[in-house]
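Undergrad: Here you go, one structure.
Residue numbers (this note's numbering): 1 to 271.
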């Protein structure tokens, strides 16, 4: 009798171990975070005083938030589902391409694509739930300039492509996150070439004094370069946003204060 009980116990332990070894591990919904070290950059906004702008170090998601990650957020936060979200936080287009509250239309858009048609309010709520926040405008722009391109001709070629991309983002055929091949020196991917992204302060104070026209874009070209012109288009486009808009050309990623260190950190880089 004792031997029989011992055999049953041993069999149970072995079975449990085998299940742990061979059962697929559920993917984590938390993004990989990379450290963007402190530094400074020149903004295209001529009204900003005290340039270059100083930016403290912070963490930022390696890639934009995907449909899969956002669906996981909605499972835990039903108040942000399409059928529940109050109209004060979004327009009618919120997640309109999804099959249902919790089902992105993967057959139509594919997997591992950036979530879009999410209002600023919803994006902000997602980042808060992850223990982070939307990056500030200056954090996003500072990170975006860390491309490691030293040759002026190469930068001009890149910036010309950037201008063309801003003029024709194909919201219906978005590539997978991490697929653009554009990566900063700190490891942040796809700040260009995938979707535009929400930032915390997308309407800086000076926006009320600037008209949204091509002439304004030209006057904002303070750095006298092709890249600064491309950046001007980005600034002007952001200024036209309303926090409730739900466009297919805008996604988001989260930022985190450096004190909020995570086991998901990919690496730390200093300049």
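Where a beta carbon is used, it is the ideal one built from N, C-alpha and C, also for glycine.
Since the model is a prediction, treat every value here as computed from it, not as a measurement.
#1: Using the DSSP secondary-structure output, state which residues sit across from residue 60 in a beta bridge.
#2: Measure the alpha-carbon distance for residue 128 versus residue 175 and round it to whole angstroms.
#3: Check for me: the beta strand (DSSP E) holding residue 55 runs from which residue to which?
#4: Which same chain residues end up closer than 6 Å to residue 95 when comparing Cβ atoms and leaving out the 5 residues on each side of it in sequence?
#5: Return the CA-CA distance between residue 137 and residue 160, expressed in angstroms with no decimal places.
#6: Label residue 251 either buried or exposed according to how many other C-beta atoms from any shown protein chain fall within 10 Å of its C-beta, with 16 as the threshold for buried.
#7: Taking buried to mean at least 16 other C-beta atoms within 10 Å of its own C-beta, is residue 124 buried or exposed?
#8: For residue 41, name the three-state secondary structure that DSSP assigns.
#9: If you measure between the beta carbons of residue 258 and residue 40, is that distance less than 7 Å?
#10: Assign residue 176 to one of three DSSP states: helix, strand, or coil.
#11: Check each candidate in 63, 76 and 154 and name the one with the smallest Cα separation from residue 115.
#12: Between residue 134 and residue 55, is the Cβ-Cβ spacing less than 7 Å?
#13: Is the beta carbon of residue 166 closer than 7 Å to that of residue 233?
TA: To lay it out plainly:
#1: Per DSSP, the beta bridge partners of residue 60 are 34 and 255.
#2: Whole-angstrom Cα-Cα distance: 26 Å.
#3: Under the DSSP assignment, residue 55 falls in the beta strand (DSSP E) whose first and last residues are 53 to 55.
#4: Excluding sequence neighbours, residue 95 sits near 82 and 117.
#5: Here the alpha carbons of residue 160 and residue 137 stand approximately 22 Å from one another.
#6: Burial check for residue 251: the Cβ neighbour count within 10 Å reaches 16 or more, so the residue is buried.
#7: Classification of residue 124: buried, given that the 10 Å Cβ count is 16 or more.
#8: Collapsing the DSSP output to three states places residue 41 in a strand.
#9: Not a contact, by the Cβ cut-off of 7 Å.
#10: Taken through DSSP and simplified to helix, strand or coil, residue 176 comes out as coil.
#11: Closest by alpha carbon: 63.
#12: Cβ atoms of residue 134 and residue 55: not closer than 7 Å.
#13: Contact check for residue 233 against residue 166 passes: the beta carbons are separated by less than 7 Å.
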